[in-house]
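Protein sequence lines correspond, in order, to chains A and B.
Note that our numbering has the first sequence beginning at 58, numbered continuously upward.
Note that our numbering has the second sequence beginning at 454, numbered continuously upward.
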Amino acid sequence: EVKLLESGGGLVQPGGSLRLSCAASGFTFADFYMSWIRQSPGKAPEWLSFIRNKANSYTTEYNPSVKGRFTISRDDTQNVLYLQMNTLRAEDTAIYYCAKHSDGGYFDYWGQGVMVTVSS
Amino acid sequence: DIVMTQAPLSVSVTPGESASISCRSSKSLLHSNGITYVYWYLQKPGKSPQLLIYRMSNLASGVPDRFSGSGSETDFTLKISRVEAEDVGIYYCGQLLENPLTFGSGTKLEIK
């Protein structure tokens, strides 16, 4: 059974940083692309970033809305996906999900999400 | 960015009846490889989104065949036949043709 478990969320002040983790199990993590997606209260999901697998050189893509502030990475030895978030703003307040990409590229599994609140 | 526009904002359906949700993209989602990169997700109350339909018309694993997807290059429809109480939630379309990957604003399905 595929499981994705996010952690690392919480309350942070504007301008602060946070690193989210996503522990994966139930599939060969190293073989698949992985994404971070967020959802502000009452809003649609917003894709943030994905990281390709080793076969594709771990290259990354970002939504322009977070490019330069957020960094995605992965540790295939520990089956963990990360999102480093810097210079956080109030509008970054949201539930953050990690999602696994299928072989076809679409998001076939999502984690349960972790809440990030940016407020003074 | 490719904008995904959904309609209606909400729909109220009697159990056993059908419901249709529309999604329009600001750009053709038909790739030269013949694949149309539109997807449908359902977010049940308090849960993460779950995949229903991939590549416009393919049913995801474990999804009842009451759900079906269809469309053209820019106009897409999710149809739910014989709606059940468990189908309540917010339905989102999304595109994976190009970055940034984008979602529609959602359609809330309620049961009468």
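Glycine included, C-beta positions come from ideal geometry on N, C-alpha and C.
Residue span of the beta strand (DSSP E) that contains residue i, given as start and end
i      : result
A:K60  : K60 to S64
A:Y166 : F164 to W167
B:L462 : No beta strand (DSSP E) holds B:L462; DSSP gives it neither H nor E.
A:V171 : V171 to V175
A:T128 : F127 to D132
B:A472 : A472 to S478
A:F86  : Note, A:F86: premise wrong, no beta strand (DSSP E); not H, not E.
A:A80  : L75 to S82
B:Q402 : The question about residue 402 of chain B has no answer, for chain B in this structure spans 454 to 565.
A:G67  : G67 to V69
Reduced DSSP category for residue i - H, G, I as helix; E, B as strand; rest coil
i      : result
A:A151 : strand
B:A513 : coil
B:E537 : coil
B:K565 : coil
A:A112 : helix
A:E118 : strand
A:R95  : strand
B:K532 : strand
A:Q141 : strand
A:S159 : coil
B:L554 : coil
Next on the checklist: So if I threshold CB-CB distances at 9 Å, which residues from the region 121-132 of chain A count as touching chain B?
Outcome noted: P121 and S122
Residues in the region 524-555 of chain B with C-beta within 9 Å of chain A's C-beta atoms, listed in sequence order? I543, Y545, G547, L549, N552, P553, L554 and T555
Members of the region 101-113 of chain A that neighbour chain B once the beta carbon cut-off is set at 9 Å: A101, P102, E103, W104, L105 and F107
ask   = How do the region 517-534 of chain B and the region 66-77 of chain A stand: do at least 3 beta-carbon pairs fall below 8 Å, yes or no?
value = no
inquiry  = Tell me which residues of the region 476-503 of chain B have at least one Cβ-Cβ distance to chain A shorter than 9 Å, keeping chain order.
reply    = I488, Y490, Y492, Y494, Q496, K500, S501, P502 and Q503
Touch test, the region 473-492 of chain B against the region 77-88 of chain A, Cβ-Cβ under 8 Å, three pairs minimum: no
Contact residues within the region 153-167 of chain A, judged by C-beta distance below 7 Å to chain B: Y154, G161, G162, Y163, F164, D165 and W167
For a minimum of 4 consecutive residues, which ranges assigned as the alpha helix (DSSP H) are wholly contained in the region 481-530 of chain B? none
Exercise. When the Cβ atoms of the region 125-142 of chain A are set against those of the region 86-104 of chain A, are three or more pairs found closer than 8 Å?
Worked result: yes
Contact between the region 455-464 of chain B and the region 505-519 of chain B is defined here as three or more beta-carbon pairs at a separation below 8 Å; is this criterion met?
no
Touching by the beta-carbon criterion (3+ pairs, under 8 Å), the region 527-546 of chain B and the region 160-175 of chain A:
no
Open item on the list: Whether or not the region 89-109 of chain A and the region 461-470 of chain B are in contact is what I'm after, with contact meaning three or more pairs of Cβ atoms, one per stretch, closer than 8 Å; do they touch?
Closed with: no
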